[in-house]
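Asks: When you line the sequence shown up against this note's numbering, it's residues 37 to 180, in that order.
Backbone N, C-alpha and C fix where the C-beta goes; we use that ideal spot for every residue, glycine too.
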Amino acid sequence: MIIRVINGPNLNMLGIREPNIYGHETYADLVAKIEAHAAKIGVEVEIMQSNCEGGLVDAIQGAWQHCDGIVINPAAYTHTSVAILDAVKAVGVPTVEVHISDVSKREAFRSVSYIRAACIATIAGHGTDGYLEAMDLLKKECGQ
Ligand code: DQA
37 MIIRVINGPN LNMLGIREPN IYGHETYADL VAKIEAHAAK IGVEVEIMQS
87 NCEGGLVDAI QGAWQHCDGI VINPAAYTHT SVAILDAVKA VGVPTVEVHI
137 SDVSKREAFR SVSYIRAACI ATIAGHGTDG YLEAMDLLKK ECGQ
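#1: Pull up the distance between the alpha-carbon of Val41 and that of Met171, whole angstroms please.
#2: Three Cβ pairs or more, each shorter than 8 Å: is that satisfied between the segment 160 to 167 and the segment 133 to 152?
#3: Going by beta carbon distance, what residues of the same chain come within less than 8 Å of Ile77, once the five residues before and after it are set aside?
#4: What first and last residue would you give for the beta strand (DSSP E) that runs through Gly105?
#5: Measuring only from the beta carbon, is Ser137 closer than 6 Å to any heavy atom that is part of ligand 1?
#6: Buried or exposed: Ile159, going by 16 or more other Cβ atoms within 10 Å of its Cβ?
#7: Is Ala153 near ligand 1, going by C-beta to nearest heavy atom under 6 Å?
#8: According to DSSP, is Thr62 helix, strand or coil?
#9: Asn46: beta carbon under 6 Å from a heavy atom of ligand 1?
#10: Check whether chain C comes within 7 Å of Val127, counting only Cβ atoms and requiring the distance to be less than that.
#11: Tell me the residue span of the beta strand (DSSP E) that contains Val41.
#12: Going by beta-carbon coordinates alone, are Cys106 and Ile151 separated by less than 7 Å?
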């Protein structure tokens, strides 16, 4: 089973950006945590980050006929991007939306998620553990 983990803008700044909201773990820490969990549950992971909407669309499209699941934190594009929603719909790969913070308890605009409509689940407010929960869920979803 191959899971692609896709991270949107500013997530490369984890550990530096607003640690009161996103915590002190760096992006490298997040990658190591995801890789360790993948090894533990016996799945292959492909992890990427882009600050560009098109880069995220390309990463979603690249999962077509290649990956069994997608974990995506589209970051700020969650709240604006029809292109990312359409890409997830286009590939038909089971996708879980993840947010480190509890977007429902922040500014009103963060409660809007375009991508949610195309996802099998949304996990928000569980810190970086949310990524691991999303991987577990996809593994279960694929009957593995
Ligand atoms: C985020 C929440 C978004 O509103 C924000 O723009 C991010 C990160 C999260 O992981 O909590 O960049 O997706």
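Replies: Let me lay it out:
#1: The C-alpha of Met171 is placed about 9 Å away from the C-alpha of Val41.
#2: Of all C-beta pairs linking the segment 160 to 167 to the segment 133 to 152, three or more are shorter than 8 Å, placing the two stretches in contact.
#3: Closer than 8 Å at Cβ, skipping near neighbours: Met171, Asp172 and Lys175.
#4: Counting along the chain, the beta strand (DSSP E) containing Gly105 begins and ends at Gly105 to Asn109.
#5: For ligand 1, at least one heavy atom lies less than 6 Å from the Cβ of Ser137.
#6: Its Cβ being crowded by 16 or more others within 10 Å, Ile159 is buried.
#7: Relative to ligand 1, Ala153 has its C-beta separated by 6 Å or more from all heavy atoms.
#8: In the structure shown, Thr62 sits in coil (DSSP, three-state: anything other than H, G, I, E or B).
#9: It does: the Cβ of Asn46 is within 6 Å (strictly closer) of some heavy atom of ligand 1.
#10: Of the protein chains in the structure, only one exists, and it is not chain C.
#11: Ile38 to Asn43 is the extent of the beta strand (DSSP E) around Val41.
#12: Reading the sequence as shown, one finds Ile at residue 106 and not Cys. It is not a contact, given that the beta carbons lie outside the stated cut-off.
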